[in-house]
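This report concerns only the one structure given below.
In this note's numbering, the protein residues as written are 4 to 111.
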């Protein structure tokens with residue numbers, strides 16, 4: 004495999020996933036649809052940044068926003084097929100972290 008030139012698609016994917024909070028947000032949504040406040044409290048992210056990331060992921064087709072017509076209106080976020088396709092990759096990262104990330108490093 005010739006790796007002297009990085010594939011533009013790979014570069015785009017890494018760019019998307021390397022944005023701060025993005026991978027944690029996708030990982031959080033693997034467990035199913037969630038409301039904004041639930042996501043925010045689960046990963047301790049500011050509301051402004053969470054809103055930006057959700058919009059970015061929605062534009063990329065990774066996350067969908069569902070408006071549930073109740074009183075009051077309820078909004079839930081969930082992964083699309085494209086978003087769920089990242090599950091095996093994120094699970095492998097989780098497995099890798101269990102083996103290689105030391106407890107002492109968690110306090111950094």
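For each residue, glycine too, the CB sits at the ideal point set by N, CA and C.
**Request:** Per DSSP, which residues does residue 79 bridge with? Please list them.
**Result:** Paired residues: 38, 69.
**Item:** C-alpha distance - residue 56 paired with residue 31, whole-angstrom precision
**Value:** In a straight line, the C-alpha of residue 56 is about 13 Å away from that of residue 31.
**Item:** As assigned by DSSP and simplified to three states, the class of residue 22
**Value:** Assignment of residue 22 by DSSP, reduced to helix, strand and coil, places it in the coil class.
**Request:** Please determine, among 16, 82, 53, 100, the residue with the shortest C-alpha to C-alpha distance to residue 67.
**Result:** 82
**Request:** State the Cα-Cα distance for the pair residue 71 and residue 108, rounded to the nearest angstrom.
**Result:** The straight-line gap from Cα to Cα measures roughly 41 Å.
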